[in-house]
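Numbering (this note's numbering), first residue to last: 67 to 173.
We put the beta carbon where it would ideally sit given N, CA and C, even for glycine.
Predicted model only: the values in this text are computed from it and were never measured.
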Ligand SMILES: [Zn+2]
């Protein structure tokens, strides 16, 4: 998926053949580890199986079953985009994580 598809995902939350950022998948992605293993590849560990995410200059891809069936942003791709600081992924994550209660002291 490319930058435009991710931007559209924010405004088209319903599932479809194109990608959408599923908040549940993004929450699971936070608990995975991504390690770059080449100029355009990452090894994502921490789930039931490790998967390799690649980037061809336009699209990210992953060999996992979820990606093959659904065609959207699987948790492995989302984990890589998170480590790359993708602004849309960060924006969705921000909506998921509440700010700490200011009465309990500043963090
Ligand atoms: Zn995947």
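Quiz prompt | Close beta carbons around residue 100, own chain, < 7 Å, minus the five adjacent residues each side | solution = If you number the chain shown from 1, residue 100 lands on position 34. Once the five neighbours on either side are set aside, the close Cβ partners of residue 100 are 108, 110, 145, 146, 149.
Exercise. Use the C-beta contact count for residue 134: other C-beta atoms within 10 angstroms, 16 or more gives buried, fewer gives exposed.
Key: Here the question's residue 134 lines up with position 68 in the chain shown. Exposed, by the Cβ-count rule.
Quiz prompt | Proximity to residue 103 [Cα-Cα], best of 91, 114, 120 | solution = Here the question's residue 103 lines up with position 37 in the chain shown. In this structure, 120 is the residue among 91, 114, 120 with its C-alpha nearest to the C-alpha of residue 103.
Exercise. Check whether the Cβ atoms of residue 94 and residue 139 sit closer than 8 Å, and answer yes or no.
Key: As a working mapping, residue 94 is identified with position 28 in the chain shown. As a working mapping, residue 139 is identified with position 73 in the chain shown. Not closer than 8 Å, so no.
Quiz item: If you draw a straight line from the alpha carbon of residue 96 to that of residue 141, how long is it in whole angstroms?
Solution: Position 30 of the chain shown, counted from the start, is the residue given in the question as residue 96. Position 75 of the chain shown, counted from the start, is the residue given in the question as residue 141. So the two alpha carbons sit approximately 9 Å from each other.
Practice problem: Measure the alpha-carbon distance for residue 163 versus residue 157 and round it to whole angstroms. | Solution: Counting from 1 along the chain shown, the entry for residue 163 is found at position 97. Counting from 1 along the chain shown, the entry for residue 157 is found at position 91. A straight-line Cα-Cα distance of about 10 Å links residue 163 and residue 157.
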